[in-house]
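Step one of this worksheet: look at the structure below.
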Amino acid sequence: PATELKDLILSCPENELFTVDPTGNITGIITFADAKHKILDPEIDMSLLVSQLSDFPAGVLHEEDDLDRALSLFQSTDLPILSVVESLKSMKLIGVVRHRYAILSYNRVLIHARRQRSGEN
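Positions in the sequence shown are counted from 1; adding 73 to them yields my numbering.
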């Protein structure tokens with residue numbers, strides 16, 4: 074229920090929350106900014122479920138997608154976070170990839186490749 078969203082927001086260090094159905098299949102994403110806007114709206118029905126307040130994520134990665142796919146999706150969607158699902162059929166949420174961590178991983182690969190080319194360990 075939307076009434077439980079406040080406690081979840083206060084206990085969560087992230088800026089986005091994914092909503093899932095009882096079997097773990099992703100149903101949406103809601104940012105703190107959207108949650109604040111929607112919950113503070115005097116016209117909102119507080120008996121709504123959070124899944125009814127969330128939007129379906131614009132970017133979803135399959136668990137076997139690589140870093141290139143993630144970076145490409147980040148570039149085309151301009152999202153700070155992508156959900157990772159077990160399969161595109163089930164849409165079972167198994168994790169997330171943050172843009173900043175994808176960039177850091179890419180940077181580590183570049184540094185390692187440069188060191189190998191120059192003969193460093």
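C-beta atoms are modelled at their ideal positions from N, C-alpha and C, and glycine is treated no differently.
According to the neighbour-count rule (16 or more other Cβ atoms, all chains shown, within 10 Å of its Cβ), is residue i buried or exposed?
| i | result |
| --- | --- |
| Phe129 | exposed |
| Val123 | buried |
| Ile117 | exposed |
Among the candidates the options, whose CA atom is the shortest distance from the CA of residue i?
| i | options | result |
| --- | --- | --- |
| Asp107 | Ser160, Leu78, Asp94 | Leu78 |
| Arg173 | Asp138, Glu116, Lys109, Leu152 | Leu152 |
| Ile176 | Leu166, Arg142, Arg188 | Arg142 |
| Asp114 | Thr100, Leu90, Ala75 | Ala75 |
Contact check, residue i vs residue j under 8 Å by CB: the rounded distance?
| i | j | result |
| --- | --- | --- |
| Val196 | Glu136 | A question about residue 196 goes unanswered here, because the residues of the chain that appear run from 74 up to 194. |
Using DSSP bridges, identify the partner residues of residue i.
| i | result |
| --- | --- |
| Ser156 | Val133, Val169 |
| Thr104 | Glu89 |
If you reduce the DSSP assignment to three classes, tell me which class residue i lands in.
| i | result |
| --- | --- |
| Leu90 | strand |
| Ile176 | helix |
| Asp118 | coil |
| Asp141 | helix |
| Asp80 | helix |
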